[in-house]
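Numbering (the UniProt record's numbering), first residue to last: 1 to 277. Below is one structure, written out as structure tokens; the observations come after it.
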Ligand code: DGL
């Protein structure tokens, strides 16, 4: 269905959040070519149903495959929780069994055991990620002794998407969820930021975090896991072009994305508008 010539690595998120993953991957693996797609016009995905998140994510992955990507990272926990498995099991075998789609939950879960001393961890995520219980399920498989408490933070993605993550208005919503998760399990010593938008809120979160509780942002773990994957899969590595080029696509306004993304990435970028159907 798709032409099989070497191509860039694709990254997909509902909006800007996946840039926190792109940033770390690009720093670790700068020679590869990348295409980043943000579905800003339909963000946030967090409150949407399984079916809708699956359909939107499927459209985005198909678009990135059409654009020549051989490997796509769902740089979005909500899409990883609600759509990854169906795409891997149902769509990939029909589209092209040699391409790959990977998520961000598994690489994050792999580091949980070494980060937490108390073996009590908290996961902050969108309503979709928390209600899917994906972190609990994956952590229970890998580290059955670790106790996991989830907390949905439905206002955090809108704060980031609307550039309010640093505003005094964000304080209330950040403090509320930090207090809630830490009173649900006072033994938590590690909070996983289970949403790729949340690293932008780190300075705010730290204001309300008691000493002894650390934050785990996913970017570095996902980047290391990708490097590892490419070492273990030379057949995929050979299918990736390495010219150091990065393309950015959004389903919303290209100007708006370019302005916001340039702040996140601390460099100016050019952006193309696309439509997903
Ligand atoms: N960055 C997405 C995630 O990691 C945000 C989801 C949303 O759009 O609500 O879950």
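We put the beta carbon where it would ideally sit given N, CA and C, even for glycine.
Starting from the Cα of residue i, find the closest Cα among the options and give me that residue.
| i | options | result |
| --- | --- | --- |
| residue 277 | 24, 70, 42, 22 | 42 |
| residue 224 | 23, 8, 80 | 23 |
| residue 132 | 145, 157, 152, 172 | 152 |
| residue 59 | 39, 161, 235 | 39 |
| residue 212 | 189, 194, 45 | 189 |
| residue 150 | 161, 137, 160, 141 | 137 |
| residue 46 | 112, 179, 196, 27 | 196 |
| residue 274 | 214, 255, 251 | 251 |
In the structure shown, what three-state DSSP assignment does residue i receive?
| i | result |
| --- | --- |
| residue 48 | coil |
| residue 2 | coil |
| residue 251 | coil |
| residue 98 | coil |
| residue 18 | coil |
| residue 165 | coil |
| residue 185 | coil |
| residue 177 | helix |
| residue 72 | strand |
| residue 32 | coil |
| residue 133 | coil |
| residue 209 | coil |
| residue 138 | helix |
| residue 283 | Residue coverage of the chain in this structure runs from 1 to 277, which leaves residue 283 outside it and unanswerable. |
| residue 233 | coil |
Please confirm whether any heavy atom of the ligand DGL lies closer than 8 Å to the CB of residue i.
| i | result |
| --- | --- |
| residue 177 | no |
| residue 14 | yes |
| residue 76 | yes |
| residue 43 | yes |
| residue 129 | yes |
| residue 261 | no |
| residue 83 | no |
| residue 57 | no |
| residue 197 | yes |
| residue 47 | yes |
| residue 213 | no |
| residue 108 | no |
| residue 126 | yes |
From the DSSP output, which residues share a beta bridge with residue i?
| i | result |
| --- | --- |
| residue 216 | 192 |
| residue 273 | 250 |
| residue 152 | 125 |
| residue 13 | 38 |
| residue 7 | 240 |
| residue 147 | 120 |
For residue i, would you say it is in contact with chain B, using Cβ-to-Cβ distances shorter than 9 Å as the test?
| i | result |
| --- | --- |
| residue 245 | Included in the structure is just one protein chain, with no chain B present. |
Under the criterion of a Cβ to heavy atom distance below 8 Å, does residue i qualify as lining the ligand NAD?
| i | result |
| --- | --- |
| residue 216 | With respect to the ligand NAD, the structure offers nothing, as its ligand set consists of the ligand DGL. |
Assuming residue i and residue j are in contact, meaning their beta carbons sit under 8 Å apart, how far apart are those beta carbons, in whole angstroms?
| i | j | result |
| --- | --- | --- |
| residue 148 | residue 121 | 6 Å |
| residue 62 | residue 12 | Not really, about 11 Å apart at Cβ, beyond 8 Å. |
| residue 95 | residue 143 | Contact flag wrong, Cβ pair sits at about 34 Å. |
| residue 269 | residue 258 | 6 Å |
| residue 16 | residue 260 | 6 Å |
| residue 54 | residue 83 | 4 Å |
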